[in-house]
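Peer 1: For reference, the structure I am asking about is given below.
In the numbering used here, the protein residues as written are 113 to 684.
This is the structure we're talking about:
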């Protein structure tokens, strides 16, 4: 019977005698169990998972989980097992790994031209979501169908054929099997984002890994060896931990499950914590063992707003390869390229290799309705535009700043301005920033050049120390409504007439301000964040000038973000 993700049953022979200690395995998850003395077992599985049952002296059983509705009868089969001689003095797993490395040129997918279709799915979720939370199980879903043609290193082409996203958002990027992991694990090194990890089956595997032989099973004429691998002492930062299965006599990789704890990398706003990858291989005739499933799970920590709190997220991808051809029937351009259509075709249910789970369907319905209510479809033409008010656009090791891009002031008219700052690639602990602007109209009372400029240097993120200097126009200190007053304000004693406009100009209305100083903000104490600012200031406007030192002590109240905790504020 099947229910709530578990299958239960009994294993018997043709005489209805219970078969104890039979091996029951879920080929998708590689989790397994043994039948008890009465032949009973239970195993976690989805309805579409393939279940295999093996026992010495019986023919193997293979079937889908939902088909297991009663006792499973195994057919007796005589089996002659050749003796295996293991000589003391060497770990037998080492000989297996050496054989896999030696057969690498034959089985490496990148050593053969190939072509395949793939169905890919990405989900974003909260690992610690409460059962009573109003958010859906997944905060984002994305599905694609892609086609990949590999003719050789530097000559490959990937096409986005169809996609489905939450609310049909216009994402112009091909989610593919290799988004979070490489197709081949045979090279010496595996590139994972900003990490470079030694491969457990690469030429230098024994320098970075130790191995244990954990299991041996027989599948037809093949012998499958299960190996546990883990980093050697001092190699933890460059190595996986996990399990793999190799098939002999081919000495080819059959399955791989590896985990990597992330140390370092990322930015002050987000950083990865772990990465798990999984690959399943199938043999294409007698020509090639090729990966048919690539799955990954990435743990992320993201800063929630300006509160200093961090939220844990989990990104999972699942990719299923099909229609694999070696060699491919099509040709590609003499260079690598990614083909993205302007309007990708919507993904059809028949293109899904794996059906959606009930949780995924629920999340789609909820998030589609949220996107529809916010009218994001009407803003699709602006989706790829940078934020022109206070945005950053990366250019190599720098960010181009819009601070803001256009600023209007009575004395200067329309002022265009731009800035430049160092990117986190240069340093995540300090940052240099500079900006410059030019006033298109200049009032006669404002002294100096129409050029406005400033520079800053910062250390830290939550606790922040900033040195600044600028030559700018001071913002208004009183409402614009007072500009209409025909008399002097109490305590000022001055009214300046501007011949270029029909209302009086006050001392408080506009002055040129030059300053140099320091700003310091300590880390948040709950919702409170104290700060200090002090410096030398010079303000001038015809005919007066003021200069002196100014010191400020302040306390900011930061409302704690509920972005990831309440569905009603999901798009706040």
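Each residue gets a CB set at the ideal place from its N, CA and C atoms; glycine is no exception.
Computed from a predicted structure; not experimentally measured.
Using the Cα positions of residue 156 and residue 163, report the straight-line distance between them to the nearest angstrom.
Peer 2: About 10 Å.
Peer 1: Using only the heavy atoms of the ligand GDP, determine whether one of them is closer than 7 Å to the beta carbon of residue 296.
Peer 2: The model on display carries no ligand, and the ligand GDP is accordingly not part of it.
Peer 1: Given this structure, state the Cα-to-Cα distance separating residue 203 from residue 317, to the nearest angstrom.
Peer 2: Those two C-alpha atoms are separated by around 14 Å.
Peer 1: By how many angstroms is the C-alpha of residue 461 removed from the C-alpha of residue 228?
Peer 2: In a straight line, the C-alpha of residue 228 is about 19 Å away from that of residue 461.
Peer 1: Should residue 507 be labelled buried (16 or more other beta-carbon atoms within 10 Å of its own) or exposed?
Peer 2: With fewer than 16 other Cβ atoms within 10 Å, it is exposed.
Peer 1: For residue 667, which of 640, 648 and 220 has the nearest alpha-carbon?
Peer 2: Residue 667 has its Cα closest to that of 640, out of 640, 648 and 220.
Peer 1: Say whether chain B places a C-beta atom closer than 8 Å to the C-beta of residue 644.
Peer 2: The question asks about chain B, but that chain is absent: this structure has only one protein chain.
Peer 1: Between residue 471 and the rest of its own chain, which residues show a CB-CB distance below 6 Å, the 5 nearest in sequence each way excluded?
Peer 2: Cβ neighbours of residue 471 beyond the five flanking positions: 249.
Peer 1: Taking 6 Å as the limit between beta carbons, can you name the residues of its chain near residue 393, skipping five residues before and five after?
Peer 2: Contacts found: 365, 366, 401 and 403.
Peer 1: For residue 197, which of helix, strand or coil comes out of DSSP?
Peer 2: Three-state result, residue 197: coil.
Peer 1: Tell me whether the beta-carbon of residue 424 lies closer than 8 Å to the beta-carbon of residue 411.
Peer 2: Yes, these two residues count as a Cβ contact at 8 Å.
Peer 1: DSSP state of residue 222, grouped into three classes?
Peer 2: Helix.
Peer 1: In whole angstroms, what is the alpha-carbon distance linking residue 323 and residue 219?
Peer 2: Those two C-alpha atoms are separated by around 21 Å.
Peer 1: For residue 277 and residue 236, I'd like the C-alpha separation in whole angstroms.
Peer 2: Using only the alpha carbons, I get a separation of about 12 Å.
Peer 1: Tell me whether residue 648 sits in a helix, a strand or coil according to DSSP, three-state version.
Peer 2: In the structure shown, residue 648 sits in a strand (DSSP, three-state: E or B).
Peer 1: Does DSSP put residue 474 in a helix, a strand or coil?
Peer 2: Here residue 474 sits in helix by DSSP.
Peer 1: Per the DSSP calculation, residue 255 is bridged to which residue(s)?
Peer 2: Note: residue 255 sits in a beta bridge opposite 233 and 276.
Peer 1: If you compare alpha carbons, which of 287, 301 and 312 is closest to residue 353?
Peer 2: Closest option to residue 353, Cα to Cα, is 312.
Peer 1: For residue 493 and residue 649, what's the separation of their Cα atoms in angstroms?
Peer 2: Because residue 493 sits at a pLDDT of 37, beneath the cut-off of 50, its placement in the model cannot be relied upon, and the following sentence gives the value as read from the coordinates. Those two C-alpha atoms are separated by around 44 Å.
Peer 1: Find out if the Cβ-Cβ distance for the pair residue 351, residue 361 is shorter than 8 Å.
Peer 2: Not in contact: residue 351 and residue 361 (Cβ atoms no closer than 8 Å).
Peer 1: Select from 627, 576 and 651 the residue whose C-alpha is nearest the C-alpha of residue 635.
Peer 2: Answer by Cα proximity: 576.
Peer 1: Between 172, 132 and 177, which has its C-alpha nearest residue 138's C-alpha?
Peer 2: Among 172, 132 and 177, the Cα nearest to that of residue 138 is on 177.
Peer 1: Within the same chain, show all residues whose beta-carbon is closer than 6 Å to that of residue 129, passing over the 5 residues directly before and after it, in chain order.
Peer 2: Cβ neighbours of residue 129 beyond the five flanking positions: none.
Peer 1: Per DSSP, what are the beta-bridge partners of residue 57 in this structure?
Peer 2: This structure cannot settle anything about residue 57, because the visible part of the chain is limited to 113 through 684.
Peer 1: Given this structure, state the Cα-to-Cα distance separating residue 431 from residue 289, to the nearest angstrom.
Peer 2: Distance between the alpha carbons of residue 431 and residue 289 is about 5 Å.
Peer 1: What is the rounded straight-line gap between the Cα of residue 224 and the Cα of residue 540?
Peer 2: Whole-angstrom Cα-Cα distance: 41 Å.
Peer 1: What residue from 550, 549, 534 and 551 has the CA that sits closest to residue 543's CA?
Peer 2: The candidate whose alpha carbon is nearest that of residue 543 is 534.
Peer 1: In this structure, does DSSP put residue 687 in helix, strand or coil?
Peer 2: What the structure shows of the chain is the stretch from 113 to 684, and residue 687 is not part of that stretch, so it cannot be assessed.
Peer 1: Would you kindly work out how many angstroms separate the C-alpha atoms of residue 125 and residue 207, rounded to a whole number?
Peer 2: Approximately 37 Å, taken between the alpha carbons.
Peer 1: Give me the residue from 631, 301 and 232 with the minimum Cα distance to residue 286.
Peer 2: Minimum Cα distance to residue 286 is reached at 232.
Peer 1: What is the DSSP secondary structure of residue 208, counted as helix, strand or coil?
Peer 2: Reduced to three states, the DSSP call for residue 208 is helix.
Peer 1: Among 299, 269, 359 and 374, which one has its Cα closest to the Cα of residue 305?
Peer 2: The residue with the shortest Cα to Cα distance from residue 305 is 374.
Peer 1: Looking only at its chain, what residues have a beta carbon closer than 6 Å to the beta carbon of residue 664, apart from the 5 residues adjacent to it on each side?
Peer 2: Only 645 meet the Cβ criterion.
Peer 1: Give the DSSP-derived three-state secondary structure of residue 596 in the structure shown.
Peer 2: Because the pLDDT at residue 596 is just 40, under 50, the model does not fix this residue reliably, and the value given afterwards should be weighed accordingly. Reduced to three states, the DSSP call for residue 596 is helix.
Peer 1: Excluding the 5 residues flanking residue 132 on each side, which residues of the same chain have their C-beta closer than 7 Å to its C-beta?
Peer 2: Taken in chain order, the residues that qualify are 147, 148, 149 and 151.
Peer 1: List the whole-angstrom C-beta distance separating residue 339 from residue 329, where the pair is believed to meet the contact cut-off of C-beta under 8 Å.
Peer 2: Incorrect: roughly 13 Å between the Cβ atoms, too far for contact.
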